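Just so you know, numbering that gives the first Met the number 0 puts 374 at position 375 of the sequence shown, and the rest follows in order with no gaps.
Below is one structure, written out as structure tokens, with a few remarks after it.
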Amino acid sequence: MKPKENTSKILDWKLLVKIFSLALPYQRKFYTAVFLTLSIAILGPIRPYLIQHTLDTYVAVKDPHGLLNFSLLIFLLLIIQSVMQWWSTILANFLGQQIIYDLRNKVYKHLLSLKLKFFDQTPVGTLVTRSVNDIETISEVFSEGMINIAGDILQIVFLLVLMFGTNVKLSLVCLSVLPFLFYSGYLFKEKIKESFEEVRNEVAKLNTFVQEHLSGMQIVQLFNREEREYESFKEINKRHRDANIKSVFYYSVFFPVVEVLSAISIGLLVWYGAKGVLTQDITIGTLIAFILYINLFFRPIRTLADRFNNLQMGMIASERIFLLMEDERDKEIEGTIALTHTNGNIQFKDVYFSYIPGQAVLKNINFQVEKGKTIALVGATGAGKSSIINLLSRFYEIESGSILMDGHSINDYTLASLRKKISVVMQDVFLFTGTIIENVQLYDKSISEEKIIATAKLLGAHHFISNMPNGYHQKVTERGANLSVGQRQLISFVRAMVVDPAILVLDEATSSIDHETEEIIQEAIIKMREGRSSIVIAHRLSTIANADEILVLEKGEIVERGTHNNLLQNSGYYKKLYEHQFAD
Ligand SMILES: Nc1ncnc2c1ncn2[C@@H]1O[C@H](COP(=O)(O)OP(=O)(O)O)[C@@H](O)[C@H]1O
Ligand SMILES: [Mg+2]
């Protein structure tokens, strides 16, 4: 999913409205923050105005009483302004954090609802970047972005009103640098936007690389690719660094430029203003007030370019996130019937399927699993065996034909109720960080410990689990690295069986396991099949031999079918396969 390249538009109002609607639940805080920011923008420029008034009215005529009053007033104003500043900072940051908290929850929930196809096509690192870094950026729209920009602009406008209201000529003189300022601000904004976008992309690449290669560490080490791996990493890391340095470079140029321009502006002011003071066209108070105005004027301009960028970065990030959230194509399609009871009658009728349009993976698949019977799928790797079972759990949509359960299309059932009736044991067992109990429960606390132990006993897993230092509460490290392949397999059997499914789908592991565990597993498989419909992708002779029907798949098509003995008599593909695999 490549995000749309952003827009030369300075502000995308529709997007902005969407971003701000995130603050809807916190309207009072939001409006208070807006009110405070705008008030501060007005209060700032009033101070120089009062100082001018104090100097010209009270100091010039030596009125200590008036001087004291006005000084107190200025001081009071300063206090009020500081308190408001403090309050608005707190509010803005609260809003930012609260909104990213909400948004992150929403994004994660959305990810949970997506089809497997989406995850086939989107690198995990990208999704990590979306749900961590990009969302972080949005908080800045609230804490550093739009509200402050409005405040800055209001302050600038108000300053201009005060300046021109006081002295038009003087204003024109010191604002004569403005065109240069705007031009350099514009250049800066464009450049920094480019480099920020580059930084974002590099962050995503870094995340993707680290995530993927840490997961595949074993392969990296097994094939002695550490050196090369390190080189690739250094390269990506270098690009990340360069992108950041580039963005810092633009700042380092822009800020001094603004300093110089403001110094020139004050220089012009003093030069022209001092002449005016001498000829008594301009009062001392006005001159001093103007110096303060200029300082106030340049301060927001310095930050304005930066804030615009924050805003734009926030918009780019939020555009990506909204795009992800609003993409309904990959949302799982829900049925309406809740499958409460099933006989376990499954039928595939003329099923065609492809992962990538045009490249058929399954063609004209027809078979039926009657209640309590077992179908075995055999065939070379890539023949389409796993794809068939993926379809049954509705991980992917079929192209044509139908898959029926108890006479209804599986699309008519709600996903949750359908998947609840089908237990799938994958070829590769995935265990999460947590205890064995937690790995079997998978957050469903209604599955009791007694039930788990009983199931483990039935399947012959109890022995090895209870022999571990912490028994069923033994911690499993990431992906079950501290367990043997056979042990992981048995745990996944327990996981599948505790829910007492009506249908069992088993992708038999190909990896060879020690003889003793192998026997336990074989027995467990026999027990698991008892009394339920099963579809088994079989690699072991014992599993195949006592299946009710064997389907032989070749390049996505069923080329032979029958019982073990029938097929052997046929001397077709199955016989060759059998001789090849089980020659000894
Ligand atoms: N997620 C996927 N995206 C695209 N193609 C896939 C995907 N999974 C499998 N395939 C392709 O579909 C074909 C059948 O794969 P699969 O059903 O896994 O075969 P088997 O389980 O029999 O080894 C293979 O050619 C494989 O490359
Ligand atoms: Mg497979």
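Backbone N, C-alpha and C define an ideal beta-carbon position, used for all residues, glycine too.
The model shown is predicted, which means the values in this text are computed figures rather than measured ones.
Within 8 angstroms, strictly: CB atoms of residue i and residue j
i: alanine 203; j: threonine 125; result: yes
i: valine 475; j: asparagine 469; result: no
i: glycine 284; j: aspartate 62; result: no
i: methionine 496; j: leucine 458; result: yes
i: isoleucine 490; j: isoleucine 435; result: yes
i: tyrosine 249; j: isoleucine 191; result: yes
i: leucine 268; j: phenylalanine 289; result: yes
i: leucine 14; j: glycine 144; result: no
i: leucine 94; j: phenylalanine 29; result: yes
i: threonine 413; j: threonine 339; result: no
i: alanine 337; j: serine 422; result: no
i: leucine 390; j: isoleucine 534; result: no
Where residue i sits in the DSSP three-state scheme
i: histidine 538; result: coil
i: alanine 375; result: strand
i: phenylalanine 394; result: coil
i: leucine 668; result: Look at the range of the chain in this structure, 0 to 583, and you will see that residue 668 is not part of it.
i: glutamate 4; result: Legend: pLDDT at glutamate 4 = 44, less than 50; position of this residue unreliable, value from coordinates given subsequently. Coil, per DSSP.
i: isoleucine 421; result: strand
i: leucine 14; result: helix
i: valine 498; result: coil
i: aspartate 506; result: strand
i: lysine 444; result: coil
i: phenylalanine 29; result: helix
i: valine 58; result: helix
i: asparagine 480; result: Per the sequence shown, the amino acid found at residue 480 is alanine instead of asparagine. Coil at alanine 480, not helix or strand.
i: asparagine 565; result: helix
i: phenylalanine 492; result: helix
i: valine 428; result: coil
i: threonine 36; result: helix
i: proline 468; result: coil
Residue i, enclosing alpha helix (DSSP H) - first and last residue
i: leucine 76; result: 63-111
i: aspartate 119; result: 115-120
i: glutamine 440; result: 435-440
i: aspartate 151; result: 145-165
i: leucine 213; result: 177-214
i: valine 123; result: 123-128
i: glutamine 580; result: 572-580
i: isoleucine 524; result: 514-528
i: threonine 136; result: 134-139
i: serine 584; result: The question about residue 584 has no answer, for the chain in this structure spans 0 to 583.
Residue burial classification, residue i (beta-carbon count within 10 angstroms, cutoff 16)
i: valine 60; result: exposed
i: methionine 216; result: exposed
i: alanine 382; result: buried
i: histidine 579; result: exposed
i: alanine 262; result: exposed
i: threonine 542; result: buried
i: glutamate 396; result: exposed
i: isoleucine 293; result: buried
i: asparagine 104; result: exposed
i: valine 252; result: exposed
i: lysine 1; result: With a pLDDT of only 39 at lysine 1, under 50, the local geometry of the prediction cannot be trusted, and the value read off the model is given with reservation. By the neighbour-count rule (16 or more Cβ atoms within 10 Å), lysine 1 is not buried but exposed.
i: aspartate 506; result: buried
i: valine 368; result: buried
i: aspartate 133; result: buried
i: leucine 277; result: exposed
i: serine 130; result: buried
i: isoleucine 519; result: buried
i: phenylalanine 222; result: exposed
i: tyrosine 586; result: This structure cannot settle anything about residue 586, because the visible part of the chain is limited to 0 through 583.
i: arginine 319; result: buried
Boundaries of the beta strand (DSSP E) in which residue i is found, first to last residue
i: glutamate 548; result: 548-553
i: glycine 313; result: Unbroken run through glycine 313 is the alpha helix (DSSP H), 283-325; no beta strand (DSSP E).
i: glutamate 230; result: Careful: glutamate 230 lies outside any beta strand (DSSP E), inside the alpha helix (DSSP H) at 225-277.
i: serine 386; result: Per DSSP, serine 386 belongs to no beta strand (DSSP E); it is in the alpha helix (DSSP H), 384-391.
i: valine 558; result: 556-561
Beta bridge counterpart(s) of residue i as assigned by DSSP
i: lysine 474; result: Thr434
i: phenylalanine 347; result: Phe366, Ile402
i: tyrosine 412; result: Ile336
i: isoleucine 352; result: For clarity, residue 352 is phenylalanine in the given sequence; the question names isoleucine instead. Answer is Leu361, bridged to phenylalanine 352.
i: serine 533; result: Thr373, Leu503
i: histidine 407; result: Met404
i: lysine 330; result: Leu113
Check: residue i C-beta below 7 angstroms from any heavy atom of ligand 4
i: aspartate 119; result: This structure lacks ligand 4; the ligands present are ligand 1 and ligand 2.
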